[in-house]
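Written out below as structure tokens is the structure these notes cover.
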Amino acid sequence: MTPNLRTERLLLEPYVPEDEEGFVALFQDASVSQWMGDGRATEAADRSLFGRIFTKVYAQQLFDVWAVRRDGLLIGHAEIKPTDVVGGHEIIYALAPTAWGSGLGTELAEALVAYGFGPLGLAEVHATVAAPNTASLKLLARIGFEHVRDVIEDDGSTTRVLTRALPVPN
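Here is the structure:
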């Protein structure tokens with residue numbers, strides 16, 4: 007069962023059915039969706055994706071997916087899940103543009119990494135980021151992720167694979 011996570015300003019908690027409109031609005035925002043998966047999907051596809059969070063991801067306990075809230079409002083999405091692309095667990099996060107530029111992305115990414123190293127017991131946490139997404143690349147570098155390789159996608163675009171290893175005790 008996906009646990010609640012708290013940071014100084016954020017609450018990460020499992021989605022509830024009432025989050026559907028906020029989820030769809032986030033994923034339909036072109037400035038957000040351009041960096042997610044294969045880019046912006048149809049509204050129907052995003053509604054279907056939201057439904058699968060309940061019928062598949064939560065029902066089968068496949069991986070952890072959270073609604074990201076600030077002051078009770080849904081402002082983002084977060085996941086940590088196993089993926090073949092990196093051969094380990096990858097963090098995925100998105101925030102509404104109204105939350106950009108205030109350090110919430112860093113706070114969110116750090117919470118996901120801490121969850122990976124803590125409760126999940128991972129030795130490494132990965133992220134995949136489209137090469138033009140300089141804001142996310144800078145954020146991840148700032149919190150200790152290192153570029154390990156590039157993946158050339160079918161459309162010719164480049165995805166950067168980044169890794170942060172669990173610090174070795176002295």
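Residues in the sequence shown are numbered consecutively from 7, following this note's numbering.
For every residue, glycine included, the Cβ atom is placed at its ideal position computed from N, Cα and C.
In its chain, beyond the 5 residues on either side, 60 have a beta carbon closer than 8 Å to the beta carbon of residue 23. Per DSSP, the beta-bridge partners of residue 167 are 134 and 155.
Around residue 129, the same chain offers 172 as residues with beta carbons nearer than 6 Å, after the five sequence neighbours per side are excluded. Pairing residue 83 with residue 118, the inter-Cα distance amounts to about 11 Å. DSSP places residue 90 outside both helix and strand once states are collapsed to three, so it counts as coil.
Taken atom to atom, the span from the alpha-carbon of residue 163 to that of residue 157 is near 8 Å. Scanning its chain for C-beta atoms nearer than 8 Å, with the 5 sequence neighbours on each side dropped, one finds around residue 159 the residues 165, in chain order. DSSP, read as helix, strand or coil, puts residue 107 in coil. Assignment of residue 120 by DSSP, reduced to helix, strand and coil, places it in the helix class. Residue 32 sits in a helix when the DSSP states are folded into three classes. By the neighbour-count criterion, in which 16 or more other beta carbons inside 10 Å mark a residue as buried, residue 63 falls on the buried side. Residue pairing by DSSP places residue 85 opposite 71 and 98 in a beta bridge. In this structure, DSSP gives residue 17 an extended state, which the three-state scheme calls strand.
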